[in-house]
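First residue of the sequence shown: -2, per the working numbering; consecutive thereafter.
In this text, a Cβ means the ideal position worked out from N, Cα and C, and glycines have one as well.
The structure displayed is predicted, hence computed values, not measured ones.
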Amino acid sequence: MKFRAVRPADAGASEVTIVPLFDDKQAPKALARGTRAVVDRLAAERGAAVLYNVLTHVGSGKEGRVVIVGAGKRAEYDAERARNIASAGIKSLWKTDAKAAAIWVDGTKIGEPRAAQAAVEGAQFAMWRPEAHRSKPEDRRLPPLGTVSIVVDGNVRDALKRGDAVGQAVNTARRMANEPANKMTPTIVAQEARALAKEAGLDIEVLDRKKCEALGMGSYLSVAQGSHQPPQFIVLRYRGRGGKGFDLGMVGKGITFDSGGISIKPNEGMYHMKADMTGAASVIAAIGAIGRLKPKVNVIAVAPCTENLPGGGATKPGDVFTSMSGKTVEVINTDAEGRLVLVDGITFAQREGATRVVDVATLTGGIVIALGSHFSGLFGKPESFVEEVRRTGAEAGDRLWPMPLTDEYRNEIKGETADLTNSAGRDASPIKAAAFIDAAVEEGTEWAHLDIAGTYWSDRDRPQAPKGPQGPAVRTLIALAERFAR
Ligand code: BES
Ligand code: MN
Ligand code: ZN
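This is how it looks when you write it as structure tokens:
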């Protein structure tokens, strides 16, 4: 699917025309006369301007298929609305054979480039559906769209490119998270990362168990003991500014299936734990987009991948391990495995010279209790960095909510026999998990932790994705990389 910018005056008719309809019901002035007449007729329908309501006209005339998407109050229009409108419009074509579509975009309130980027992202988001393994092609089909024109004034070339890369990256993360654990093992995640590295021009290194042992990653490897699938510690490097070190390190939790280990989970909904590698998918997809966009910044992505299973060699509650940082950990609960893989990932990123680290993880059930499915939990230090990540995320379309992290919590995760315990009760469990990760963050590193356990999956259809994996945090990571570019 290719995107191109077209000025309203040059738009003319298209096979499909997608038009936002605000509550003032005013059609864009530059619409071709025939199309405009159709829009005016549809606009007269009850509820036509209700947010994301879709009305379609299928005519025989040269105006083609006309889709109007309710856009609500003109004064409330922002990038998120632009994404949702484009997404709803393209989604309405799922059952059609449309090869070309034109999306009309309104840049008056938020500026043409932002509106155009958002529309492209939304269009890409609608080109994802989760029924990947249905045997009937009809059940998983998407329209054969070759070209999508973004109808807007101004110079939006870079915006289209950015929107396209962001949209595709989010879909990549969704696709990987959606795959069942038997088709997305650590080895397959590494294959995906290799393919992406080749396409985006990134350096890739995959450390096997032996190499991780040599580096002292006892915490990460303790999670892999109970599984027959070999662990894969995936490292991707992008050097857009040259020179030493990394301006951003992204670390993603890569548990390709989390059974809980010996502290086994109850069976209800356990299949969702096939997506416990969403953090890994997010950092891999994000650095793929960064490689395509080529900002002048150095970024390293680290994805410690493994299954968490209760095999004969599995970690037993009470076992003690030494992490790459040298700190010792008492594994009280083998289901608190995410933090165990993250700390070695974070230590590795810092040894590589990352001065800022953002980790992404489906980490705790507690964050689902606290925030539900609309905001990811945000932790870190210093506060100025946390706020920078929050704001960048909000602009990019991820909703992050800051949570506290102070010494009281850090004191509550001390181990009985070791430096740290990986589980210290249910109260404030998301904060204690963050405090555990914090113990691997070195003096001077700016760090943010995104707990996406509530946002990685939706149990109902959303404007930007159907029920299933949502692909959180990818846009934030890409936007941060661009922000740290010089
Ligand atoms: N992967 C889970 C967290 C999770 C829960 C993700 C629900 C997505 C949806 C994580 O590994 C886990 O099991 N966390 C435990 C930690 C506890 C044992 C300290 C939790 O939060 O219950
Ligand atoms: Mn777990
Ligand atoms: Zn987990």
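- Around the CB of alanine 6, fewer than 16 other CB atoms lie within 10 Å, so the residue is classed as exposed.
- Here alanine 170 carries a helix assignment [DSSP, helix/strand/coil].
- Relative to the Cα of glycine 412, the nearest Cα in the group Lys429, Leu233, Met214, Gln347 belongs to Lys429.
- Taking a contact to require three or more Cβ pairs closer than 8 Å, the stretch 79 to 87 and the stretch 31 to 47 do not qualify as touching.
- With a cutoff of 6 Å, glutamate 202 does not count as near the ligand MN, since its C-beta is closer than that to no heavy atom of the ligand.
- Taking non-hydrogen atoms of the ligand MN into account, the C-beta of aspartate 255 is found less than 6 Å away from one of them.
- Between glycine 143 and alanine 97, the beta carbon gap of about 6 Å places them in contact (Cβ cut-off 8 Å).
- In the DSSP assignment, no residue is bridged to glutamate 409.
- Boundaries of the alpha helix (DSSP H) around glutamate 380: 380 to 393.
- A direct Cα-Cα distance of roughly 8 Å separates glycine 315 from asparagine 330.
- Counting of Cβ neighbours within 10 angstroms places tyrosine 235 among the buried residues, the total reaching 16 or more.
- Beyond the five residues adjoining it in sequence on each side, phenylalanine 0 comes within less than 8 Å, by CB distance, of Val117, Ala120, Thr144, Val145, Ser146, Ile147, Leu157, Gly160, Asp161 in the same chain, given in chain order.
- At least one heavy atom of the ligand ZN sits closer than 6 Å to the Cβ of glycine 335.
- Under the criterion of beta carbons closer than 8 Å, serine 370 and serine 455 qualify as touching, at roughly 6 Å.
- Alanine 123 is positioned such that its CB atom lies closer than 7 Å to that of serine 84.
- Take arginine 131, set aside five residues on each side of it, and the residues of its chain with a beta-carbon closer than 7 Å to its own are Arg137, in chain order.
- Only residues of its own chain outside the window of five on either side were considered, and among them Gly288 have a CB closer than 7 Å to the CB of glycine 198, listed in chain order.
- In the three-state reduction of the DSSP assignment, alanine 113 falls in the helix class.
- Taking 6 Å as the cut-off, one finds at least one heavy atom of the ligand MN near enough to the beta carbon of aspartate 332.
- Inter-residue distance for valine 355 and serine 373 is about 13 Å (C-alpha atoms, whole angstroms).
- DSSP links cysteine 302 through a beta bridge to Gln229, Gly251.
- Residue side-chain check: threonine 359 places its Cβ nearer than 6 Å to a non-hydrogen atom of the ligand BES.
- Counting other Cβ atoms within 10 Å of its Cβ, tryptophan 91 stays below 16 and is therefore classed as exposed.
- The three-state reading of DSSP puts proline 17 in strand, counting E and B together.
- Counting along the chain, leucine 337 sits inside the alpha helix (DSSP H) bounded by residues 335 to 348.
- Take the alpha-carbon of alanine 478 and the one of valine 328: they are about 34 Å apart.
- Using a Cβ distance threshold of 7 Å, arginine 336 and alanine 393 do not count as a contacting pair.
- Within the same chain, Val203, Gln229, Ile231, Cys302 come within 8 Å of alanine 187 by CB-CB distance, once the 5 residues on both sides are set aside.
- Between the stretch 269 to 286 and the stretch 214 to 226, the count of C-beta pairs closer than 8 Å stays below three; the two stretches do not touch.
- About 5 Å separates the Cβ atoms of glycine 251 and methionine 274, confirming a contact at the 8 Å cut-off.
- Distance from the C-beta of isoleucine 252 to the nearest heavy atom of the ligand ZN is below 6 Å.
- Out of Gly9, Met400, Thr53, Leu290, the CA that lies nearest to the CA of arginine 154 is found in Leu290.
- Contact between phenylalanine 318 and glycine 215 is confirmed by a C-beta separation of about 4 Å, below the 8 Å threshold.
- Ranked by how close their Cα comes to the Cα of glycine 69, the residues Ala40, Glu60, Leu339, Asp94 have Ala40 in first place.
- Under the rule that a run must span 4 or more residues, the alpha helix (DSSP H) segments found entirely inside the stretch 186 to 227 read 206 to 211, 215 to 221.
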